[in-house]
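**Student:**
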Amino acid sequence: MTDQTISVSTRNLSLGYGAVTVLRDLSIDIGKGEFLVLLGSSGCGKSTLLNCIAGLAEPTEGQVFIGDRNVTWLEPAERGIGMVFQSYALYPQMTVRGNLEFGLKNARTPRDEIDRRVARAAEILQIGPLLDRKPAQLSGGQRQRVAIGRALVRDVDVFLFDEPLSNLDAKLRSSLRVELKRLHQQLGSTTMIYVTHDQVEAMTLADRIAIMKDGRIQQLGTPDEVYGRPSTLYVAQFIGSPSMNILKGLVADGAFITGDLKVPLDGYRFVAAAPSQREVRFGIRPEHVAIGREADAAPLSLQAHVELVEPLGSDKLIWTRVAGEAFCVRADGRLPVAAGETVRIGIDASAASLFDAETEARV
Amino acid sequence: MHAADMPNARPLGTDPWGPKPAQRLSGTRIMVYASLFVIAVYYLIPLWVMVATSLKGMPEIRLGAIFAPPVEVTFEPWVKAWSQACTGLTCEGLATGFWNSVIILIPSVVASVAIASLSGYVFAQWRFKGSETFFMLLMVGAFIPHQVMIYPMVMLLAQVGLYGSLWGLIIVHTLFGLPLNTLLFRNYFASLPEEIFKAARVDGAGFWRIFFKIMLPLSLPIAVVSMILQVTGIWNDFLFGVIFTTPSNYPMTVQLNNIVNTVQGVKEYNVNMAATILTGLVPLTVYLVSGRLFVRGIAAGAVKG
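Chains as they are written, first to last, in the working numbering: chain C, 1 to 363; chain D, 364 to 668.
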């Protein structure tokens with residue numbers, strides 16, 4: 001690990017408890033100053049991976065590197081990391097100042113240095129007036145700020161976040177999300193690894209997202225990549241709300257065929273050579289389906305019966321049925337359409353994703 | 364139906380007003396208070412008899428009216444119980460027994476609570492290979508009748524030369540208190556968010572620092588419970604006191620028994636009553652002083668453990 005641009009990396013990390021395997025042969029390189037989000041549903045191993053990096057869980061196999069050091073056998077405190085937890089995990093009997101100082105005192109930091117760092121963290125996080133309060137006297141948002149401060153005073157290169165915003169209400173969550181992003185910009189070269197199950201947090205915060213399932217990384221890429229070119233069917237359905245429409249069918253003669261529908265694949269970028277006579281899943285996001293007048297310009301346009309309309313204000317979700325599958329179309333909120341009517345929709349393969357029916361990998 | 368038809372109806376858009384409806388004394392409520400009263404009286408009558416008798420002189424007691432208040436209040440029985448009553452061969456009252464009990468109590472309570480909190484912390488947060496099995500064994504220890512272990516314990520103490528001494532009894536009390544109190548502390552620590560422990564490790568605190576700086580200050584409620592259980596248990600102990608010590612080291616309970624069960628001479632009921640109250644005073648005080656914390660600690664363990 002002599003590469004200066006790599007901050008954290010894991011090599012062939014595996015972890016199992018008896019018969020249960022949580023992480024499988026997981027290798028990942030995280031760049032210096034990068035904001036990496038580990039995203040997945042509960043039980044996918046994302047928190048376990050974070051705990052392995054922190055040194056709070058011991059991998060069965062594999063190694064962890066931070067900076068240019070192999071930290072696999074080091075104590076959490078020796079790894080140069082700060083960590084923020086979902087439940088804040090503040091020490092209830094200590095004041096905010098006591099919470100911030102605890103780690104520094106453990107490291108026998110000189111008094112003036114402690115004061116300097118606490119003052120700096122308090123200024124960055126605007127918790128100066130709260131320093132002499134106990135955690136019980138703080139609101140959820142303030143507590144989480146103190147928890148971030150506790151990582152900040154440690155003056156480390158790597159921040160680990162374990163679902164830090166999940167205990168907050170929706171409004172506070174979005175404002176703290178912005179603050180976190182600002183903090184990341186402000187600190188510049190600090191690497192942040194962030195675990196969440198919330199795809200909005202993942203998309204808005206991340207430089208890169210690692211989507212995990214069953215202890216493996218399904219896809220590692222920028223938010224645009226995981227959204228635009230999902231590498232597996234799982235990722236395609238996990239990212240995006242409402243999730244991607246999936247049609248079952250066949251690739252043959254340069255087109256996707258399902259029932260009596262035929263979508264020409266001229267504009268589709270295949271991963272390798274275009275397959276032929278292969279069972280596939282054709283995925284297209286609700287927002288990439290053309291509707292109304294624009295539908296006729298698409299390579300395939302068809303009449304669809306509107307079953308349900310969900311108005312969202314700016315948008316409208318129109319639920320129809322295509323080739324027997326529920327099919328959602330996102331339309332402009334002002335489009336006049338009601339359940340029971342018929343609309344014209346257009347499908348263009350250039351914005352779609354094709355997955356092998358068996359391996360579920362992108363083709 | 365119109366609002367005007369209902370005299371008590373509240374007009375729309377106004378707040379409730381008028382006098383607060385009187386709470387009627389319902390049948391259930393009367394039953395509850397009545398049974399509480401009966402139970403309270405049932406427990407208070409013996410106490411009243413004891414206090415009243417202890418303040419009477421022997422001639423008054425011979426009249427036989429045990430519920431009657433003392434006509435001529437005298438504190439002589441109390442003085443006698445404390446410093447002159449005969450406990451076997453010597454007639455020095457309960458005072459020696461009291462001090463023996465204190466000398467037994469303090470180190471046993473301190474040691475058992477300290478060790479139990481530490482082992483509870485280990486079982487809850489520093490799981491090691493086989494720690495669950497180890498804990499199960501300890502729990503088995505809590506449920507084996509103490510009588511079964513007396514003879515081996517006597518042999519063991521005799522081997523190391525502590526049999527009959529106060530220190531032997533202190534060790535016995537400490538050991539026998541460990542299983543239950545370890546369970547209390549373990550459950551309490553297990554109920555604390557695991558993330559606090561993780562945060563402390565990231566902050567660079569080791570085994571002892573996490574224990575002393577984070578866990579111990581948080582364990583006050585359960586420490587109070589544990590302390591009360593140990594104080595009352597050890598103070599009220601009679602069996603171990605008789606078995607593991609010699610007459611000069613007898614704790615207060617044993618000496619009380621010797622005073623009350625004297626077969627020679629006149630039975631001095633007033634002295635016996637005073638001696639009994641004196642002996643019960645320590646656990647009673649502990650309950651009164653820390654009752655509130657006790658209930659809170661029990662509840663904390665019960666709900667979260």
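Glycine included, every Cβ here is placed at the ideal spot set by N, Cα and C. Note that this is a predicted model, so its numbers are computed, not measured.
Within 10 Å of its beta-carbon, does D/TRP350 have 16 or more other beta-carbons around it, so buried, or fewer, so exposed?
**Tutor:** Within the shown structure, residues of chain D are numbered from 364 to 668, placing residue 350 of chain D beyond reach of any answer.
**Student:** Could I get the ranges of all uninterrupted beta strand (DSSP E) runs contained in the region 287–321 of chain C, with 3 residues as the minimum, in chain order?
**Tutor:** List check, beta strand (DSSP E) in window: 300–305, 308–311.
**Student:** Quick check for students: name the residue ranges of the beta strand (DSSP E) that lie wholly in the region 222–299 of chain C, counting only runs of 3 or more.
**Tutor:** Taking only runs of at least 3 residues, the beta strand (DSSP E) segments lying wholly in the region 222–299 of chain C are 245–252, 255–258, 261–264, 278–284.
**Student:** Say whether chain C places a C-beta atom closer than 8 Å to the C-beta of D/ALA487.
**Tutor:** Position 124 of the second sequence holds residue 487 of chain D. No, D/ALA487 does not count as interfacial toward chain C.
**Student:** For D/LEU541 and D/ALA458, I'd like the C-alpha separation in whole angstroms.
**Tutor:** Position 178 of the second sequence holds residue 541 of chain D. Position 95 of the second sequence holds residue 458 of chain D. So the two alpha carbons sit approximately 29 Å from each other.
**Student:** For D/GLY668, name the three-state secondary structure that DSSP assigns.
**Tutor:** For the purposes of this step, residue 668 of chain D is taken as residue 305 along the second sequence, with counting starting at 1. Reliability fails at D/GLY668, whose pLDDT of 31 lies under 50, so the model's placement of it is uncertain and the value that follows must be treated cautiously. Coil, per DSSP.
**Student:** Identify the residues that DSSP records as bridge partners of C/GLY31: which are they?
**Tutor:** Position 31 of the first sequence, counted from the start, is the residue given in the question as residue 31 of chain C. BP columns for C/GLY31 point to C/ILE6.
**Student:** State yes or no: is the beta carbon of D/VAL565 nearer than 8 Å to at least one beta carbon in chain C?
**Tutor:** Indexing the second sequence from 1 puts residue 565 of chain D at position 202. Closer than 8 Å: yes.
**Student:** DSSP state of C/GLU61, grouped into three classes?
**Tutor:** Working through the first sequence from its first residue, we reach residue 61 of chain C at position 61. Correct three-state label for C/GLU61: strand.
**Student:** My parser needs the beta strand (DSSP E) runs of 3 or more residues fully inside the region 465–511 of chain D; what are they?
**Tutor:** The region 465–511 of chain D contains no whole beta strand (DSSP E) run of 3 or more residues.
**Student:** Going by the DSSP bridge assignment, what does C/MET192 pair with across the sheet?
**Tutor:** In the first sequence, counting from the first residue as 1, residue 192 of chain C sits at position 192. Note: C/MET192 sits in a beta bridge opposite C/PHE35, C/PHE159.
**Student:** Just the Cα atoms here: how many angstroms apart are D/ILE469 and D/GLU631?
**Tutor:** The residue you call residue 469 of chain D lines up with position 106 of the second sequence. The residue you call residue 631 of chain D lines up with position 268 of the second sequence. Taking the straight line from one Cα to the other gives about 32 Å.
**Student:** Could you tell me if D/VAL617 is buried or exposed, where buried requires 16 or more neighbouring beta carbons within 10 angstroms of its beta carbon?
**Tutor:** Mapped onto the second sequence, residue 617 of chain D falls at position 254. When all chains shown are included, D/VAL617 counts as buried.
**Student:** I want to see whether chain D comes within less than 8 Å of C/PRO336, judged by CB atoms only; does it?
**Tutor:** Here the question's residue 336 of chain C lines up with position 336 in the first sequence. With 8 Å as the cut-off, C/PRO336 does not count as an interface residue toward chain D.
**Student:** If distances are taken between C-alpha atoms only, which option among D/HIS536, D/THR625, D/ILE585, D/VAL434 comes closest to D/THR608?
**Tutor:** One-based indexing of the second sequence puts residue 608 of chain D at position 245. The shortest C-alpha separation from D/THR608 is found at D/HIS536.
**Student:** Can you tell which of C/PHE238, C/PRO242, C/LEU160 has the C-alpha that lies nearest to the C-alpha of C/VAL84?
**Tutor:** For the purposes of this step, residue 84 of chain C is taken as residue 84 along the first sequence, with counting starting at 1. Cα-wise, what sits closest to C/VAL84 is C/LEU160.
**Student:** Could you check how far apart the C-beta atoms of C/ILE28 and C/ALA298 are, in whole angstroms? I think they sit under 8 Å.
**Tutor:** Here residue 28 of chain C is taken as the residue at index 28 of the first sequence, counted from 1. Here residue 298 of chain C is taken as the residue at index 298 of the first sequence, counted from 1. About 39 Å separates the two Cβ atoms, so there is no contact after all.
**Student:** Leaving aside the five residues before and after D/ASN621 along the sequence, list all residues of the same chain whose C-beta is less than 6 Å from its C-beta, in chain order.
**Tutor:** The residue labelled residue 621 of chain D in the question sits at position 258 within the second sequence. Contacts found: THR450, GLY451.
**Student:** Can you grab the Cα-Cα spacing for the pair D/VAL395 / C/PHE238, in whole Å?
**Tutor:** Your numbering for residue 395 of chain D matches position 32 in the second sequence. Your numbering for residue 238 of chain C matches position 238 in the first sequence. Approximately 59 Å, taken between the alpha carbons.
**Student:** Within its chain, find whatever has a CB closer than 7 Å to the CB of C/SER314; leave out the 5 residues flanking it on each side and keep chain order.
**Tutor:** What you label residue 314 of chain C is simply residue 314 of the first sequence in a count that begins at 1. Counting only Cβ-Cβ distances below 7 Å, and skipping sequence neighbours, we find GLY333.
**Student:** Keeping to the same chain, check which residues put their C-beta closer than 7 Å to that of C/ALA57; ignore five residues upstream and five downstream.
**Tutor:** For the purposes of this step, residue 57 of chain C is identified with residue 57 of the first sequence, where counting begins at 1. Contacts found: LEU15, THR48, ASN51.
**Student:** Using the three-state DSSP reduction, which class does C/LEU13 fall into: helix, strand or coil?
**Tutor:** For the purposes of this step, residue 13 of chain C is identified with residue 13 of the first sequence, where counting begins at 1. Here C/LEU13 sits in strand by DSSP.
**Student:** Tell me C/ALA353's beta-bridge partners as DSSP assigns them.
**Tutor:** Here residue 353 of chain C refers to the residue found at position 353 when the first sequence is read from its first residue. Residue identity differs from the one stated: residue 353 of chain C is Ser in this sequence, not Ala. DSSP lists C/GLY283 as partners of C/SER353.
**Student:** Contact check, C/VAL96 vs C/VAL20 under 8 Å by CB: the rounded distance?
**Tutor:** Residue numbering aside, residue 96 of chain C sits at position 96 when the first sequence is read from its first letter. Residue numbering aside, residue 20 of chain C sits at position 20 when the first sequence is read from its first letter. Not really, about 39 Å apart at Cβ, beyond 8 Å.
**Student:** Taking 8 Å as the cut-off, decide whether the C-beta atoms of C/GLY45 and C/MET203 are in contact.
**Tutor:** Working through the first sequence from its first residue, we reach residue 45 of chain C at position 45. Working through the first sequence from its first residue, we reach residue 203 of chain C at position 203. Cβ atoms of C/GLY45 and C/MET203: not closer than 8 Å.
**Student:** Which of helix, strand or coil does DSSP assign to D/PRO379?
**Tutor:** To locate residue 379 of chain D, count along the second sequence from 1; it is residue 16. In the structure shown, D/PRO379 sits in coil (DSSP, three-state: anything other than H, G, I, E or B).
**Student:** Hey, how far is the Cα of C/VAL337 from the Cα of C/CYS328?
**Tutor:** As a working note, residue 337 of chain C is residue 337 in the first sequence. As a working note, residue 328 of chain C is residue 328 in the first sequence. Whole-angstrom Cα-Cα distance: 14 Å.
**Student:** Take C/ALA136 and list the residues in its own chain whose beta-carbon comes closer than 8 Å to its own, dropping the five residues that flank it on each side.
**Tutor:** By one-based count along the first sequence, residue 136 of chain C stands at place 136. Correct list, in chain order: PRO92.
**Student:** Give the residues from the region 565–591 of chain D that approach chain C closer than 7 Å (Cβ to any Cβ), ordered along the chain.
**Tutor:** If the cut-off is 7 Å between Cβ atoms, the region 565–591 of chain D has VAL565, ASP566, GLY567, ALA568, ARG572, ILE577, PRO580, LEU581 near chain C.
**Student:** Closer than 8 Å, CB to CB, is C/ASN245 near chain D or not?
**Tutor:** In the first sequence, counting from the first residue as 1, residue 245 of chain C sits at position 245. Not closer than 8 Å to any Cβ of chain D, the Cβ of C/ASN245 fails to qualify, so no.
**Student:** Could you check whether C/GLY228 and C/ALA290 sit closer than 8 Å to each other, using their CB atoms as the reference points?
**Tutor:** One-based indexing of the first sequence puts residue 290 of chain C at position 290. One-based indexing of the first sequence puts residue 228 of chain C at position 228. No, they are not a contact pair.
**Student:** If you draw a straight line from the alpha carbon of D/THR545 to that of D/VAL476, how long is it in whole angstroms?
**Tutor:** Here residue 545 of chain D refers to the residue found at position 182 of the second sequence. Here residue 476 of chain D refers to the residue found at position 113 of the second sequence. Rounded to whole angstroms, D/THR545 to D/VAL476 spans 8 Å at the Cα level.
**Student:** With 8 Å as the C-beta to C-beta threshold (strictly closer), list the residues of the region 490–521 of chain D near chain C in chain order.
**Tutor:** The residues in question: there are none.
**Student:** DSSP puts C/ASP332 in a beta bridge; with which residues?
**Tutor:** Position 332 of the first sequence, counting from 1, holds the residue named residue 332 of chain C. Looking at the DSSP assignment, C/ASP332 forms a beta bridge with C/ASP315.
**Student:** With a CB to CB cut of under 7 Å and the five nearest residues on each side skipped, what residues in its chain are close to D/SER653?
**Tutor:** What you label residue 653 of chain D is simply residue 290 of the second sequence in a count that begins at 1. Excluding positions up to five away in sequence, the list reads VAL587, ILE591.
**Student:** My parser needs the alpha helix (DSSP H) runs of 4 or more residues fully inside the region 519–561 of chain D; what are they?
**Tutor:** 529–554, all fully within the region 519–561 of chain D.
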